[in-house]
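Residue numbers for the sequence shown follow the UniProt record's numbering, beginning at 1 and rising by one.
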Amino acid sequence: MDGYSKVGMQELDQRLSKIVEAARKKPVSVYRYGAPWVWIVSQDDWQSALKEVSSYIPPGHSLVLLRPQIDEVMGKALAELQGWAATQQLQVPLPALLHALLLQLLYSLPSEKQLYEQLNYNLLFRWFVGLELNQRVWGFATFVRDLGVVLDNPQAVRLIERVIGEVFSGGLMQMPEFSLNFAQLHTWLARPAAGARQR
Numbered sequence: 001m002d003g004y005s006k007v008g009m010q011e012l013d014q015r016l017s018k019i020v021e022a023a024r025k026k027p028v029s030v031y032r033y034g035a036p037w038v039w040i041v042s043q044d045d046w047q048s049a050l051k052e053v054s055s056y057i058p059p060g061h062s063l064v065l066l067r068p069q070i071d072e073v074m075g076k077a078l079a080e081l082q083g084w085a086a087t088q089q090l091q092v093p094l095p096a097l098l099h100a101l102l103l104q105l106l107y108s109l110p111s112e113k114q115l116y117e118q119l120n121y122n123l124l125f126r127w128f129v130g131l132e133l134n135q136r137v138w139g140f141a142t143f144v145r146d147l148g149v150v151l152d153n154p155q156a157v158r159l160i161e162r163v164i165g166e167v168f169s170g171g172l173m174q175m176p177e178f179s180l181n182f183a184q185l186h187t188w189l190a191r192p193a194a195g196a197r198q199r
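In structure tokens form, the structure reads like this:
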């Protein structure tokens, strides 16, 4: 927070009403044993601090610019998959799972664990899968289980392939922020077929 004042516990006890009044104009940091302890902020300052995650995303980032095309390609197929998703009792929303898998491919994240960790602190990733700024990420076991269910559906995997083919083809693959993992995509495409043979 820019522009704030600092007080100790003793001063807080002695001048509470005046300090609270001062906090209406600018935030006050309360120190205890020489270390930051709590903030006293006005309602207006608190509300302005609770921004949507989208307010932190650079509007010119490639992923932001390509988002409308991604959603357009997913559109109808995603609607058709929603009925299937309901029968699978997914705890993570299907659009979030598909977007998370896209991120894993686009940024060559080698494991679901690394993808999950990114969702906990990477604001761009949180925005892309639909998580709000202060929204908790789904439990790791639940997230991995639901990703596996989606990857076992050939239609869902082909939809991801279609998005890559139609949105990220050609020169877009040379963009420095993307390092698309085609080997991972081919593994996913082979997965439903392998599962069917085992059954």
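Yeah, the Cβ is synthetic: ideal placement off N, Cα and C, and Gly gets one too.
Assignment of Gly8 by DSSP, reduced to helix, strand and coil, places it in the strand class.
Selection Val20, Glu11 and Trp127 evaluated against Ala96 yields Trp127 as nearest (Cα-Cα). Beta-bridge annotation (DSSP): Ser29 is paired with Lys6 and Trp39.
With contact defined as three or more Cβ pairs closer than 8 Å, the segment 99 to 114 and the segment 177 to 191 are in contact. In the DSSP assignment, Pro58 falls outside any alpha helix (DSSP H) and carries neither an H nor an E. Boundaries of the alpha helix (DSSP H) around Leu16: Leu16 to Ala23. Counted as a single uninterrupted DSSP element, the alpha helix (DSSP H) harbouring Arg158 occupies residues Pro154 to Val167. One thing to note: Tyr56 has its Cβ within 8 Å of the Cβ of Leu123. Shown here, Val149 sits in a helix according to DSSP, grouped into three states.
Judged by beta-carbon spacing, Leu105 lies within the 8 Å limit of Leu180, meaning their Cβ atoms are closer than that value. From the listed residues Gly83, Leu90, Glu161 and Val163, the smallest Cα separation to Val144 is found for Leu90. The beta carbon of Leu63 sits closer than 7 Å to the beta carbons of Leu124 and Phe128 from its chain, once the five residues preceding and following it are set aside; these are given in chain order.
The C-alpha of Val167 lies about 7 Å from the C-alpha of Leu66. By the 16-neighbour rule on beta-carbons within 10 angstroms, Pro27 is buried. If you draw a 10 Å sphere on the C-beta of Ala85, you find 16 or more other C-beta atoms in it, and that means buried. Pro93 places its beta carbon less than 8 Å from that of Gly130. Between Glu52 and Leu159, the C-beta spacing is not below 8 Å. Rounded to whole angstroms, the gap between the alpha carbons of Ala156 and Ala77 is 8 Å.
With a cutoff of 8 Å on beta-carbon distance, Ala23 and Ser42 are scored as near each other.
Cβ neighbours of Gln118 within its own chain (closer than 6 Å, five residues either side excluded): Phe125.
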